[in-house]
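S.K.: Sharing a structure here in structure tokens format.
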């Protein structure tokens, strides 16, 4: 699985917006400066996040971007899907049939089963995290590995059949 720049920066913008202690929103220029991104790219990402209903904008002197709903209701899986799509989808087989109209393994594909299992595992892990969880992890000094170990062991047990 490869995390795209759009996914990484989109999550960073959500963290910045969600972690803003002020009731006023953050502007494009503030987000751009704080994250080291061009204003054009920040505006593009904010548009995607706003259309998806994750953030809202207000105009005027006191305007800016705020979360459209509480951070505990925004799941990491949803954010990544909005910003870049799923790792595996059924369209994958249709789009990668080579020169043939249909994939030569369409009726019995062992690889498709593996991709579906991987997607299920990724979904389970990503659904286990909300934006609020990430904000807490970001503000704590405990370290990510310590906090993730119970979830990772649950996930590996679920897919190993134990």
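Residue numbers (the numbering used here): -15 to 146. Even glycine gets a Cβ: it sits at the ideal position worked out from N, Cα and C.
#1: What does the alpha-carbon distance come out to for the pair residue 30 and residue 103?
#2: Counting C-beta neighbours from all protein chains within 10 Å, is the total for residue 114 16 or more, i.e. buried, or is it exposed?
#3: Please go through the same chain and pick out, in chain order, the residues whose beta-carbon is closer than 6 Å to the beta-carbon of residue 46, but skip the five residues on each side of it.
#4: Does DSSP put residue 20 in a helix, a strand or coil?
#5: If the criterion is Cβ atoms closer than 9 Å, does the pair residue 37 and residue 27 meet it?
#6: In this structure, does DSSP put residue 39 in helix, strand or coil?
#7: Specify the secondary structure class of residue 10 as computed by DSSP and reduced to three states.
#8: May I ask which residues mark the beginning and end of the beta strand (DSSP E) holding residue 2?
#9: At the level of alpha carbons, what is the spacing between residue 12 and residue 55?
#10: Between the alpha carbons of residue 121 and residue 95, how many angstroms are there, rounded?
#11: Please determine, among 123, 60, -12, the residue with the shortest C-alpha to C-alpha distance to residue 108.
#12: Take residue 14 as the anchor and find which of 34, 50, 124, 71 has the nearest alpha-carbon.
#13: Quickly, what does DSSP pair residue 25 with across the bridge? List them, please.
#14: Compare the Cα-Cα distances from residue 118 to each of -7, -12, -9, -1 and report the closest residue.
#15: What are the residues that DSSP puts in a beta bridge with residue 114?
#16: Can you tell me whether residue 130 is buried or exposed? The criterion is at least 16 other CB atoms within 10 Å of its CB, across all chains shown.
#17: Measuring alpha carbon to alpha carbon, tell me which residue in 42, -10, 63 is nearest residue 112.
M.R.: Quick answer:
#1: In this structure, the CA atom of residue 30 is about 27 Å from the CA atom of residue 103.
#2: With at least 16 other beta carbons inside 10 angstroms of its own, residue 114 counts as buried.
#3: 8
#4: coil
#5: Contact: no.
#6: Residue 39 falls in the strand class under three-state DSSP.
#7: Residue state, collapsed to three classes: strand.
#8: Segment -11 to 2 is the alpha helix (DSSP H) holding residue 2; no beta strand (DSSP E) there.
#9: 20 Å
#10: 35 Å
#11: 60
#12: 50
#13: Per DSSP, none; premise fails for residue 25.
#14: -1
#15: 59
#16: Reliability fails at residue 130, whose pLDDT of 47 lies under 50, so the model's placement of it is uncertain and no value is given.
#17: 63
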